[in-house]
Amino acid sequence: MSPSTRTATNSDAPAPTSLQADDVARQATVRAALALLLAPFRLVRAALPFVWVLLLAASLALNVAVLTVTSVYTLASSALSAVGIGTVASRTAATEAALRAERDVARRTAATATRRAERDAARAAQRKATARIGRETARGVTRRVQRATARNITSVTGEAIPVLGVAIIAGALAMEVNDACDTARDMAGLEAALAAEGDPEAARESAMDAFDCVAMIREKLPDYEDIPSRQDVWATMRDAPAQAWEAARAAGIEASQVDRSAAAGGVSGYVWSLFDGLDALLSDAPPDAE
Numbered sequence: 001m002s003p004s005t006r007t008a009t010n011s012d013a014p015a016p017t018s019l020q021a022d023d024v025a026r027q028a029t030v031r032a033a034l035a036l037l038l039a040p041f042r043l044v045r046a047a048l049p050f051v052w053v054l055l056l057a058a059s060l061a062l063n064v065a066v067l068t069v070t071s072v073y074t075l076a077s078s079a080l081s082a083v084g085i086g087t088v089a090s091r092t093a094a095t096e097a098a099l100r101a102e103r104d105v106a107r108r109t110a111a112t113a114t115r116r117a118e119r120d121a122a123r124a125a126q127r128k129a130t131a132r133i134g135r136e137t138a139r140g141v142t143r144r145v146q147r148a149t150a151r152n153i154t155s156v157t158g159e160a161i162p163v164l165g166v167a168i169i170a171g172a173l174a175m176e177v178n179d180a181c182d183t184a185r186d187m188a189g190l191e192a193a194l195a196a197e198g199d200p201e202a203a204r205e206s207a208m209d210a211f212d213c214v215a216m217i218r219e220k221l222p223d224y225e226d227i228p229s230r231q232d233v234w235a236t237m238r239d240a241p242a243q244a245w246e247a248a249r250a251a252g253i254e255a256s257q258v259d260r261s262a263a264a265g266g267v268s269g270y271v272w273s274l275f276d277g278l279d280a281l282l283s284d285a286p287p288d289a290e
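Count the sequence shown with full-length UniProt numbering and you get residues 1 to 290, in order.
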């Protein structure tokens, strides 16, 4: 087609009307609005790969921090536990708490058992020591009674010898008083051992050391000072025989009443003078030497 022909053809095309122009404008407006509305989505879609990279990097950093930093691990575990999500840390902490509670119970039980065993052992040792003290005291008292009985039986005839028997009486009396004091001392120690809450042996020794035989005798004889010697016995018998006889009877010894008549007094005075002379001959020292 020649240029003249095309020109003629274009000139023959109808010109756009105003309605068409409005449609074109509306379409352009709609496209612009859609482009404006879709712009954020396009931006998000464009930035999404970068966001995923950032999230992945943050996740990796958090994982590394949780594994390497204790405070971060504790914070993360606490946060998850607060929302009801169980974690290894919370389970581990609960397990450790249960184990600690079990260990505490076992430790208290063992301590209680140890104290009970120590208390039972102490009581058993105390009972054993008390029984041993009782046996020792019983054996000592038995041997002492045996010696005293044999001594009294074998010395009775010697005590009956005039004048010389006074020395035997005084010696036997000293032994009997000594044995009686030893027995009373043993009894005081035994009583203290039986009543002791701690060491019975220490209580026994303390009681035996504190025992005073003289004070015990003075409870019955307030004027008691010491065991009378042979000379004391002889002087008392010579100077006041009736009084000595009555004192023996008052002590519980069965004996007949002394005849205190003038004739008997004269005879006894003569007899005592003979005994004084015999005592002076048989003694190492004169009667009035002491």
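Just so it is clear, CB atoms sit at the ideal spot from N, CA and C, and this is done for glycine as well.
Through-space distance from residue j to residue i, alpha-carbon basis
i      : j      : result
Ala124 : Arg185 : 26 Å
Ala65  : Leu54  : 16 Å
Thr154 : Arg115 : 58 Å
Glu176 : Ala148 : 7 Å
Ala32  : Leu19  : 20 Å
Val214 : Ile133 : 24 Å
Arg45  : Leu56  : 17 Å
Glu102 : Arg119 : 25 Å
Ala93  : Leu67  : 17 Å
Val69  : Leu36  : 46 Å
Pro49  : Val105 : 58 Å
Glu159 : Gly198 : 48 Å
Ala170 : Glu191 : 31 Å
Ala131 : Asp209 : 20 Å
Pro162 : Val156 : 12 Å
Ala129 : Asp212 : 25 Å
Val30  : Ser71  : 55 Å
Ala188 : Arg135 : 15 Å
Ala76  : Arg26  : 56 Å
Thr137 : Glu201 : 12 Å
Tyr224 : Arg127 : 39 Å
Thr142 : Ala117 : 37 Å
Ala28  : Leu38  : 15 Å
Ser206 : Glu219 : 22 Å
Gln231 : Leu164 : 11 Å
Ala47  : Ala79  : 30 Å
Arg100 : Tyr73  : 22 Å
Ala113 : Thr95  : 27 Å
Ala61  : Ala97  : 31 Å
Phe41  : Arg91  : 44 Å
Extent of the continuous alpha helix (DSSP H) run through residue i
i      : result
Ile161 : First-last for Ile161: undefined, no H or E at that position.
Asp223 : Premise fails: Asp223 is in no alpha helix (DSSP H) and is neither H nor E.
Glu205 : 200 to 210
Ala215 : 213 to 218
Anticipated Cβ contact below 8 Å, residue i with residue j, distance rounded
i      : j      : result
Val233 : Val145 : Wrong, their Cβ atoms sit about 24 Å apart, outside the cutoff.
Ala172 : Arg151 : 6 Å
Ile227 : Ala174 : 5 Å
Arg204 : Ala193 : 4 Å
Cβ of residue i within 9 Å of any chain C Cβ
i      : result
Ala180 : Annotation note: the requested chain C is absent from the structure, which comprises a single protein chain.
- Message: Count Cβ pairs between the region 181 to 198 and the region 102 to 112 that sit closer than 8 Å; are there 3 or more?
- Response: no
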